[in-house]
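Below is one structure, written out as structure tokens; comments come after it.
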Ligand code: NA7
């Protein structure tokens, strides 16, 4: 995390721009927030985006096999039925390139790009109490002075490259999946090592193995995965989407995770074993994230979860031919879906290829990178390319790499020293007029992201509209409301199996030294939406408006 201090007093900036509002980011969240504030409220607003184009997470994550795990007819904006009819998805799950085309289409449809400043990374934002303005600084030295500041920086946008000694000495090439070169990487004839077996590694391995001379997968924690069963959408389903935009929106708004499917009411532990196996078998054949919706008690009871876990482990042992590799891949130490559950296209099958091998770096951890390759406690693995599929400093990382300071110069990194604290995942006490889209403490990553994003962007726009109507200048979360919310987020998580996974990025436990706090709100999107609405109905309860 960069510890930047910005001295605005000695401002040598190349210019100062005054605006009503500034949005940081131009991914799903930034684009829609810009649209809401500019076109619905008529504000003078801009978005600043570090990338050279729109797309956010999808702009950077161009690794082989990059694809969304939510189904395409649920992974888009639903605020405009007309736009839903105009766009046509080609596959069950949208690939990275198709999502980029979609976001460009959306940005062009509403002429948003003219108000986005690309290639512009925000380094600092300081609140000035006397004028009630945020002073926002970019890497190039520009300053923006704005009343409202909205971060739309994504939850998974700060790449985590583990601090292995010797990386600089490596003679080959290395890449992090979240900062993938636009021109792609040619693996043909290369010895490739991939570190990490989260959702990303599980998507990338089968594609890399197709062209690499050899792929070595370095696994620390074995992971569950369910087949995605991606297919082209049939013309009938494409027509169904065009005919039913409102129903699709309503479906994603009425489910716990913003997905178009419901969690079944039945209980795994009350279902006879044979029937339960048949249900899992059907869910496995159908594929996708819906597997975790098979039973209601799956995320609440360890015994219930074990039934799903054992089913998947059995499948891994069935698919993978080499017994030693199968044992390593199925030696999973956490409940199913306690970490974000991956879905795959041929991941376990990849280990049956003669050019793929698995290395257990839990037994023999990676100690350093040598000029030739990866060195574990036991051996050196010579490589031409290392792929870091090692995840992200999730949720707080993108916020804390900016020098954000609220009232009295208090730094966000100090306010969050013991873990993120905010109210509704939307505002931090001491940081007036700063809104954080899909911040920690909101459903965010436990929800289908566009659904969570639309709700936040609309809530923020409605709030600013209300303030303007009432002649109010400042909104700020009350400290006691924030304390209560943090307690509620913790309590809800503690009633689930979610905090049980070691190294989970939901907990910040994947980053050495990061405070271990369960970050997303696990009470479900429907309940969360109700809470946010009730807060407004009670006159923005928990916020002070002045
Ligand atoms: P994840 O899910 O955080 O996975 C990162 C992987 O990298 C995971 O297998 C880690 O093992 C491994 N890792 C991280 N650091 C190390 C070190 N030092 N040594 C060995 N292995 C390491 O990131 P993804 O990019 O796959 O997925 C992120 C989200 O993007 C995903 O959940 C979806 O929401 C989309 P570990 O499990 O920590 O032992």
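Residue numbers (the numbering used here): 3 to 548.
For every residue, glycine included, the Cβ atom is placed at its ideal position computed from N, Cα and C.
- A residue is called buried when at least 16 other Cβ atoms come within 10 angstroms of its Cβ; residue 440 meets this threshold and is buried.
- Shown here, residue 350 sits in a helix according to DSSP, grouped into three states.
- For residue 136, no alpha helix (DSSP H) segment is defined; the enclosing uninterrupted segment is the beta strand (DSSP E) at 135-140.
- The beta strand (DSSP E) runs lying completely inside the segment 427-514 and spanning 3 residues or more are 436-438, 477-479, given in chain order.
- Contact between the segment 46-62 and the segment 73-88 is absent: fewer than 3 CB-CB pairs across the two stretches fall below 8 Å.
- If you draw a 10 Å sphere on the C-beta of residue 360, you find 16 or more other C-beta atoms in it, and that means buried.
- Distance from residue 140 to residue 124 at the Cβ level is roughly 6 Å; contact confirmed, criterion being Cβ atoms closer than 8 Å.
- Annotation for residue 534: the continuous alpha helix (DSSP H) segment containing it runs 527-539.
- The residues 296, in chain order, have a CB closer than 6 Å to that of residue 281 in the same chain once the five nearest residues on each side in sequence are set aside.
- Between residue 355 and residue 211 a beta carbon distance of about 6 Å is seen, short of the 8 Å cut, so the two are scored as contacting.
- The Cβ-Cβ distance between residue 357 and residue 214 falls below 9 Å.
- The continuous beta strand (DSSP E) containing residue 20 extends over residues 18-26.
- Residue 236 is not a Cβ neighbour of residue 203, given a cutoff of 9 Å.
- Sequence-distant partners of residue 65 (beyond 5 residues in either direction) whose C-beta falls short of 7 Å from its own C-beta, in its chain, are 179, 182, 202, 206.
- Taking the CA atoms as reference points, residue 326 sits about 11 Å from residue 353.
- Between the segment 428-445 and the segment 236-255, the count of Cβ pairs shorter than 8 Å is below three; the stretches do not touch.
- For the alpha helix (DSSP H) assignment, the uninterrupted runs of no fewer than 4 residues enclosed by the segment 244-307 are, from N- to C-terminal side, 247-255, 275-288.
- The beta carbon of residue 520 sits no closer than 8 Å to any heavy atom of ligand 1.
- The Cβ-Cβ distance between residue 547 and residue 472 falls below 9 Å.
- Scanning the segment 314-362 for uninterrupted beta strand (DSSP E) segments of 3 residues or longer gives 358-362, listed from N- to C-terminal end.
- The residue among 346, 132, 150 with its C-alpha nearest the C-alpha of residue 477 is 150.
- The closest CA to that of residue 169, considering only 39, 374, 432, is found on 374.
- Nearest to residue 69 by C-alpha distance, out of 298, 258, 45, 233, is 233.
- A contact between stretches requires three or more CB pairs, one per stretch, nearer than 8 Å, and the segment 382-394 fails this requirement with the segment 93-106.
- According to DSSP, residue pairing for residue 176 in a beta bridge involves 388.
- With at least 16 other beta carbons inside 10 angstroms of its own, residue 315 counts as buried.
- For residue 220, the enclosing beta strand (DSSP E) starts and ends at 216-221.
- 258 is the residue among 508, 328, 349, 258 whose C-alpha sits nearest the C-alpha of residue 530.
- From the listed residues 227, 109, 461, the smallest Cα separation to residue 347 is found for 227.
- Closer than 8 Å to some heavy atom of ligand 1: that describes the Cβ of residue 368.
- Distances taken from the Cβ of residue 342 to the heavy atoms of ligand 1 include one shorter than 8 Å.
- Shown here, residue 74 sits in a helix according to DSSP, grouped into three states.
- Residue 102 carries a helical assignment under DSSP once its states are collapsed to helix, strand and coil.
- Within 10 angstroms of the beta-carbon of residue 261 lie 16 or more other beta-carbons, which makes it buried.
- Under the three-state reduction of DSSP, residue 194 is assigned to strand.
- In the displayed model, residue 548 falls within coil according to three-state DSSP, outside both helix and strand.
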